[in-house]
Structure formats: structure tokens, C-alpha cells
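Only one structure is covered here, and it is reproduced in the block below.
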Amino acid sequence: MKTRSFRAICVIALTGATAFAPNAWATTKAIRAGKIVAPDGKVLTNVVIVVDDDRITSIGPAAPPKDAEVIDLRNFTLIPGLIDLHTHMTYFWDGKPGTRPLGQPRRPAGVTTVLAAENARRTLETGVTTVRDLGAAAEIDLAMRDLINMGKMIGPRMFVAGQGIGAPRPDAAKPDYQQLAETRVATGSDWVKVYGSRGSFQSVDTTQTLTFEEMKAVVDAAHAKNRPVAIHSYGPSGVKDAVRAGADSIEHGIDLDDETIALMVKRGTVWVPTIDHNRYYVDAKDEFGFEPDTIPPLRDYIEKNLESTRRAFKAGVKIGMGSDAVYTMFGQNTRELGWFVKAGMTPAQALATATTIPATLLGHANELGALAPGYFADIVAVDGNPLEDVNVVIDRVVWVMKGGAVVVDRRASTPPDRRSAPKPSKPRTPSECSRWTIGSRSSWAPL
Ligand SMILES: [Zn+2]
């Protein structure tokens with residue numbers, strides 16, 4: 188009881204601070220790290236990371252600055268905050284009996300915005316501190332992005348696409364694709380998302396739905412406004428046309444031919460294969476109510492998806508980690524990394540698909556995806572060696588800082604022999620509350 192009431196006080200205090208100034212709790216923080224994975228892939232031991240406001244200001248062997256708030260992570264390995272290149276944060280389902288994720292009654296956009304905050308928090312718990320959200324209705328993703336940046340919602344920083352551009356219904360007139368892209372940019376999307384083929388949820392239909400010319404009209408219009416483009420294609424012809432049209436990233440895809448792979452290498456196109464999302468649909472088939480005959484094709488798609496990833500990686504294509512998380516997949520955002528190791532990557536190479544490669548794709552290579560001075564203080568502590576076993580990243584995230592604020596802290600629930608600092612015995616001050624209350628699922632405050 189005592190703990191619960193204390194938590195309530197803490198959350199109120201934090202929310203109060205948030206309401207007036209996002210960085211009201213900002214002080215200099217000094218993180219004592221057991222090990223860190225440096226930008227060159229080397230592991231440094233016993234270093235201190237100094238964080239001022241939302242940025243890393245120094246990393247080195249020096250003692251913590253006087254008056255800094257010291258955070259003891261000496262029993263853990265620190266990696267950069269991870270980047271999930273493909274989410275649908277606004278797809279929310281509360282599991283209410285008698286309902287399924289698909290076909291829920293339509294909710295007002297404001298309601299969905301508040302509900303989707305849970306997806307954002309679950310994403311943070313996986314160590315993902317940045318997402319690219321590729322498709323949402325009613326600009327709810329823009330609202331979440333802005334609320335998170337204002338400090339009014341807890342979640343990863345979001346780069347968003349708004350409503351994706353796709354083919355019209357068969358009976359509708361052909362749209363002006365240039366204008367659709369310009370409207371997207373004018374509305375405030377950071378990215379333009381294009382649906383170049385069928386295929387989603389239990390359907391693995393690879394039929395291409397946009398022509399090369401239509402894709403190119405979108406890409407040219409978006410690039411003219413300095414916005415990058417992500418193109419969805421389940422099938423190989425759509426992937427090839429998307430690469431030729433100049434897409435910055437390709438989402439999904441199987442059976443990529445050698446010519447397409449070579450072109451991706453030449454143009455530097457990032458491929459986000461999203462292998463794990465079909466694993467999720469197989470696992471969640473009962474929740475969704477998928478017919479049994481949809482499952483073998485999903486499994487077949489996974490195999491082909493993995494095989495193309497193996498070939499593309501070997502050929503030198505830049506691969507990015509994207510979960511394609513929807514509904515109850517939030518919290519499983521990084522399981523894609525396991526498939527990447529199966530596809531032939533070392534754990535370090537897999538880690539790059541969620542750090543340096545996406546940071547570059549997002550145009551923020553100088554402030555995201557690495558532990559280095561000047562970068563955002565997006566830091567994840569894992570229990571184990573992530574360069575030996577990628578599952579350490581997937582399953583053993585114990586602590587997460589995003590933009591200098593501690594958003595997840597499970598240190599108290601790690602086994603005693605691995606526990607880092609003892610809990611403070613003195614009463615906690617509001618500035619410590621972010622460390623001790625935001626981390627546990629049960630203490631999330633409704634916003
Ligand atoms: Zn998607």
C-alpha cells in the first residue's frame with residue numbers, strides 16, 4: 188500500500204513538472220556504465236556518461252561531475268536507444284471480450300490518440316526510443332509525435348507519415364499522385380508512405396497495385412519538398428519498381444531478383460523486410476480470428492522473406508529493423524533482430540539495423556543511433572553481452588533513458604546477483620521519481 192501511494196505522489200509530481208516545462212527535472216546526470224558499445228563497435232568498460240538536459244555531453248573514464256545525479260548501471264551493458272523503422276502506433280486494441288483487433292467500432296481521433304499512448308509506452312519498454320510510423324488515419328500519428336515532443340505524452344520520438352497513398356478502388360477515378368504527395372507534405376508528414384501492392388494482416392497477396400510511373404510521381408513530388416518516401420510492396424515486381432522510382436526505403440518483400448538487389452546496393456536503398464510481423468500474425472491468429480487456411484501461406488512468406496534478406500544482406504544491401512507492429516505486437520518491436528541473425532548477421536551487424544542505419548535513413552545520423560557526445564541521451568541498459576547474443580537486446584532490457592529522462596527502470600526486478608545500485612533509502616524527491624516510477628508497467632499514469 189505504501190509503495191502504491193508513494194507512486195501516485197511521484198507520478199503527480201512528474202506530471203506537474205511536465206505540464207509547465209518538459210525539462211523541469213533536468214539536472215546533470217552521470218551514468219556509471221559497466222560496459223558500453225561505442226560507435227566503432229568496440230566495448231568500453233567502466234566509463235561515465237554525462238548527460239545534460241537531453242544530450243550526452245561526455246563519455247570517458249573521469250569521475251562523475253560534482254553535484255551530478257549519479258545513476259549506477261555498473262552491472263549492465265549500455266547500447267544506443269533503438270530505432271524501429273516501421274510501426275503503426277495508432278492501431279490499438281484493448282482485448283475486450285467479444286471484440287477483435289480488426290473491425291473495432293470507429294473511435295473519435297482524440298480517443299484513439301490517448302489510447303495509443305499505451306502502444307508508445309510498450310515500445311519504450313523494448314528499448315526503442317525512436318520510431319518511424321508508417322501509416323495512420325486522421326493525423327493521429329502527427330498528434331502523438333507533437334505531444335511526445337512537447338513532453339505531454341510518454342513515448343519514443345516519432346517520425347510520421349500520416350495516411351499512406353495507395354491505389355483507388357477499382358470504380359474510382361485515377362488520382363493525381365503528385366498532388367497526393369504534396370498534400371501529405373503540406374499536412375505535416377515527415378515521410379510519405381506509399382502502398383505499392385496488396386498484402387497485409389493475414390493476406391500475403393503480392394499483386395502490385397501502383398505502376399512504376401505512379402510511384403515515381405509520388406517520389407519526385409515528395410523529394411522536391413525534401414521529404415523521403417517509403418514504399419510497401421509484398422511482391423518482387425513492386426519492390427523492383429519502387430527501387431527504380433527512387434524510394435528511400437522499401438517495406439516487406441520476397442523473391443527479390445539479383446538485378447533489384449544490385450540496384451538497391453548501388454542506390455543505397457534501405458530495405459526493411461519486416462520478417463517478424465508475419466510470425467506475429469501466426470502467433471496471434473486466434474486473437475485476430477484468422478481462418479486456418481491463412482496460416483500456411485503466412486509461414487511460406489516468412490521463409491521467402493528470410494531467404495531474400497539473407498541474399499540481400501550478403502550482397503551488401505542496407506537492412507533496417509522494422510517491426511510493422513500493430514495492436515498487441517507492441518512490446519515485441521525488436522524480435523526482428525533474431526531473424527536478422529538467422530539471415531547471417533552478427534549481433535553487432537543486427538544492432539546496426541536498429542541504430543546507425545536507421546539514424547542515417549531518418550537524416551539524423553549526427554544525433555541518433557550512437558552513444559557519443561552531442562547525441563540525444565537515448566540510452567538502453569541490457570543485462571548481458573549484446574554482441575555475443577542478440578537475445579540480450581530482445582529480452583533483457585532493464586533500463587531506458589530517452590532524451591535524458593529515465594522512462595523504464597526494471598533494475599529492482601532483476602536477479603539479486605545482477606542488481607545494480609540498492610534502492611535509495613532516503614525519501615525520493617520528485618527528480619528521482621522518473622527513475623523509480625515510470626519504469627514499471629503497473630505504475631503508468633493515465634494521461
Ligand atoms: Zn506497415
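Following my numbering, the numbering of the sequence shown begins with 188 at its first residue and continues without gaps.
Note that CB positions come from ideal geometry on N, CA and C, so glycine has one too.
No experiment lies behind these values; they were computed from the predicted model shown.
Inset, instruction - Spatial neighbours of Thr286 within its chain, please: CB distance less than 8 Å, with the 5 preceding and 5 following residues excluded, ordered by chain position. - result: Closer than 8 Å at the Cβ level, and outside the excluded window around Thr286, lie Trp280.
Inset, instruction - Give a yes or no on contact between the segment 553-562 and the segment 499-508, applying the rule of three or more CB pairs nearer than 8 Å. - result: no
Inset, instruction - Consider the C-beta atom of Gly322 and the heavy atoms of ligand 1; say whether any pair is separated by less than 7 Å. - result: Distances from the CB of Gly322 to the heavy atoms of ligand 1 include at least one below 7 Å.
Inset, instruction - Look up Met345 in the DSSP assignment and say whether it is helix, strand or coil. - result: strand
Inset, instruction - Within the same chain, show all residues whose beta-carbon is closer than 7 Å to that of Ile482, passing over the 5 residues directly before and after it, in chain order. - result: Val469 and Lys472
Inset, instruction - Report buried or exposed for Met588, applying the criterion of at least 16 other Cβ atoms within 10 angstroms of its Cβ. - result: buried
Legend entry - Val438 Cβ short of 7 Å to ligand 1 heavy atom set: One detail in the question is off: residue 438 reads as Glu in this sequence, not Val. Glu438 Cβ: within cutoff of ligand 1.
Inset, instruction - Could you tell me the boundaries of the alpha helix (DSSP H) in which Trp526 lies? - result: Residues Glu523 to Lys529.
Inset, instruction - Measure the C-alpha to C-alpha separation of Ala608 and Ser420 and round it to an integer number of angstroms. - result: Caution applies to Ala608, whose pLDDT of 39 falls short of 50 and renders its modelled position unreliable; the value that the coordinates give is listed next. Their backbone Cα atoms lie some 48 Å apart in a straight line.
Inset, instruction - Report all residues from its chain with a CB closer than 8 Å to the CB of Leu558; omit the five preceding and five following residues, and keep chain order. - result: Ile223, Val224, Ala225, Pro226, Ile236, Ile243, Ile246, Leu265, Ile266, Pro267 and Ile566
Inset, instruction - Return the residue from the list Thr310, Trp378, Asn572 and Val504 that minimises the CA-CA distance to Phe517. - result: Thr310
Inset, instruction - Quick one: measure Cβ to Cβ for Asp254 and Val315, integer angstroms, because I've assumed they're closer than 8 Å. - result: That pair is no contact at about 32 Å.
Inset, instruction - Please indicate yes or no: does the CB of His275 lie closer than 7 Å to some heavy atom of ligand 1? - result: yes
Inset, instruction - To the nearest angstrom, report how far apart Leu548 and Arg486 are at their CA atoms. - result: Taking the straight line from one Cα to the other gives about 29 Å.
Legend entry - Three-state class that DSSP yields for Tyr278 in the structure shown: coil
Inset, instruction - Taking the CB atoms as reference points, tell me whether Arg583 and Asp596 lie closer together than 8 Å. - result: It is not a contact, given that the beta carbons lie outside the stated cut-off.
Legend entry - Whole-angstrom C-beta distance between Ala323 and Val298, which should lie under 8 Å: About 14 Å separates the beta carbon of Val298 from that of Ala323, a gap too long to meet the 8 Å contact definition.
Legend entry - Reference Gly228; option with closest CA among Asn578, Leu538 and Pro292: Of Asn578, Leu538 and Pro292, the residue nearest in Cα terms is Leu538.
Inset, instruction - Look up Gly247 in the DSSP assignment and give the residues it is bridged to. - result: Val235
Inset, instruction - Please classify Asn553: does DSSP put it in a helix, a strand, or coil? - result: coil
Inset, instruction - Figure out for me which residue from Asn492, Phe527 and Thr214 has the closest Cα to the Cα of Thr393. - result: The residue with the shortest Cα to Cα distance from Thr393 is Asn492.
Inset, instruction - Mind reading off the beta-carbon distance from Arg328 to Met345? Whole number of angstroms is fine, and I expect it under 8 Å. - result: The question names Arg, but residue 328 in the sequence shown is Asp. With 8 Å as the limit, Asp328 and Met345 qualify as a contact, their Cβ atoms being about 7 Å apart.
Legend entry - Straight-line Cα distance separating Val238 from Val636: The structure shown does not extend to residue 636, since the chain is modelled only from 188 to 634, so the question has no answer here.
Legend entry - Which listed residue (Thr601, Asn233, Ala512 and His439) has its alpha carbon closest to that of Pro288: Ala512
Legend entry - Burial state of Ala304, where buried means 16 or more other Cβ atoms lie within 10 Å: buried
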